[in-house]
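In the working numbering, the protein residues as written are 821 to 1198.
Okay, so here's the structure we're looking at.
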């Protein structure tokens, strides 16, 4: 799904949530005040906070949909993560305020109020409305794989549960338990703090470049392992970026394939992963001729210019070396294997070719950087 389509879905869901929360906030605040219910007033403040989160969803979704640019080469997906973090912090602050006020009333019995009967019906209406919003938002969050929308969906579920607590608190107070309404307000506040903490923690982990879950990693390895030319996979790393993720991976291929074939295998791995693993938006593939996690490192070996100079020095006295057509270097297991291409007229007989091969092997064995030499005539 394109960024534009993701934004359209996010906008539609946020607008639906904003309209519903506007109605709920007005109704709960008004009837909570008229009906003397502290828990319903707290729930109204909760719905009012939802309006701000819906605005936050719209704002972050609009920025997250923008394509990568010079200043943001990896896109704008972090806007969604930052939005989720801000939302979590805001919910914690709201929850603390509600708990503080309700606790103050609990320790001051003369401030406890007797709710009116109609507040019970308002709480029931809030439960139904928030449950509807939860299922609606979660459906589209899963459709576009948006953590921010998913967070907002669970925020609606929290609203629904908090309204259940309010319903029980108001009902208990009407049955002669005056503390229940204030206790319900405390529980609502604690629930808001909990969901805010969970959202904030998840977003902070993503900002710290947390990787994908093991299930996704297994899928990535399976996709790569089924591609022709791939021998093994190692050093797989991922990081989440808004509703998407990025990956970089080392893929081992036959050490004797050409550079262009290795590049082609890397392309198939890259586009295969993006096509089959929905969450991946970008993949960097590093082609290895061997498992560089397990084998000796080649980092100390010289590049071609210095390696050829050494080869010239150790092989200068060997027959036909001055007529060589091409030299191919293979950096493997901490040493260099050589492919030496000689003109066809240097081949006289099989016996002579074997002797020539032995001469070259003896020459390169005198160097610490070379391991073996292979001769081709043509």
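Cβ coordinates follow ideal geometry from the N, Cα and C atoms, glycine included.
CB contact check: residue i to chain B, cutoff 9 Å
i            : result
residue 1046 : The structure shown contains no chain B, having only a single protein chain.
Distance between residue j and residue i (C-alpha atoms, nearest Å)
i            : j            : result
residue 965  : residue 870  : 21 Å
residue 1094 : residue 961  : 20 Å
residue 1154 : residue 1165 : 34 Å
residue 1161 : residue 1114 : 31 Å
residue 1169 : residue 1193 : 19 Å
residue 921  : residue 914  : 11 Å
residue 1128 : residue 1148 : 10 Å
residue 1130 : residue 1075 : 23 Å
residue 1157 : residue 831  : 59 Å
residue 1107 : residue 1046 : 16 Å
residue 1096 : residue 1016 : 33 Å
residue 835  : residue 934  : 36 Å
residue 969  : residue 988  : 29 Å
residue 1176 : residue 1078 : 26 Å
residue 910  : residue 972  : 13 Å
residue 908  : residue 840  : 21 Å
residue 873  : residue 838  : 9 Å
residue 1092 : residue 1100 : 10 Å
residue 954  : residue 1112 : 48 Å
residue 1167 : residue 1125 : 28 Å
residue 1200 : residue 942  : The structure shown does not extend to residue 1200, since the chain spans only 821 to 1198, so no value can be given for it.
residue 854  : residue 949  : 21 Å
residue 1040 : residue 1032 : 10 Å
residue 986  : residue 903  : 29 Å
residue 1065 : residue 1048 : 25 Å
residue 849  : residue 1008 : 15 Å
residue 1208 : residue 1105 : This structure leaves residue 1208 out entirely; the chain is present only between 821 and 1198.
residue 842  : residue 900  : 23 Å
residue 878  : residue 827  : 8 Å
residue 991  : residue 1026 : 42 Å
residue 959  : residue 940  : 29 Å
residue 797  : residue 1050 : Since the first residue of the chain shown is 821 and the last is 1198, residue 797 is not available in this structure.
residue 824  : residue 868  : 28 Å
residue 1089 : residue 1159 : 28 Å
residue 946  : residue 1103 : 45 Å
residue 917  : residue 858  : 13 Å
residue 860  : residue 994  : 14 Å
Residues bridged to residue i [DSSP beta-bridge criterion]
i            : result
residue 1161 : 1146 and 1196
residue 1104 : 1068
residue 1152 : 1155
residue 1053 : 1071
Collapsed DSSP secondary structure at residue i in the structure displayed
i            : result
residue 1120 : coil
residue 937  : coil
residue 1190 : strand
residue 1060 : strand
residue 1028 : coil
residue 1138 : coil
residue 1168 : coil
residue 914  : helix
residue 827  : helix
residue 1022 : helix
residue 1174 : helix
residue 848  : helix
residue 956  : helix
residue 838  : helix
residue 855  : coil
residue 1048 : coil
residue 1113 : coil
residue 997  : coil
residue 1076 : coil
residue 1185 : coil
residue 945  : helix
residue 927  : coil
residue 865  : helix
residue 1099 : coil
The beta strand (DSSP E) enclosing residue i, as first and last residue numbers
i            : result
residue 1037 : Premise fails: residue 1037 lies in the alpha helix (DSSP H), 1034-1045, not in any beta strand (DSSP E).
N-terminal and C-terminal residue of the alpha helix (DSSP H) that residue i is part of
i            : result
residue 1086 : 1079-1096
residue 971  : 967-994
The stretch 1017-1025 / the stretch 978-987 touching (three or more Cβ pairs under 8 Å): No: the two stretches stay apart, fewer than three of their Cβ pairs being nearer than 8 Å.
**Prompt:** Do the stretch 1058-1070 and the stretch 1031-1047 meet, that is, are 3 or more Cβ pairs less than 8 Å apart?
**Reply:** Between the stretch 1058-1070 and the stretch 1031-1047, the count of Cβ pairs shorter than 8 Å is three or higher; the stretches touch.
Count the CB pairs spanning the stretch 1065-1074 and the stretch 1083-1100 that are closer than 8 Å, and state whether there are at least three.
With contact defined as three or more Cβ pairs closer than 8 Å, the stretch 1065-1074 and the stretch 1083-1100 are in contact.
The stretch 1176-1187 / the stretch 1134-1147 touching (three or more Cβ pairs under 8 Å): As far as the Cβ criterion goes, the stretch 1176-1187 touches the stretch 1134-1147, which means the pair count is three or higher.
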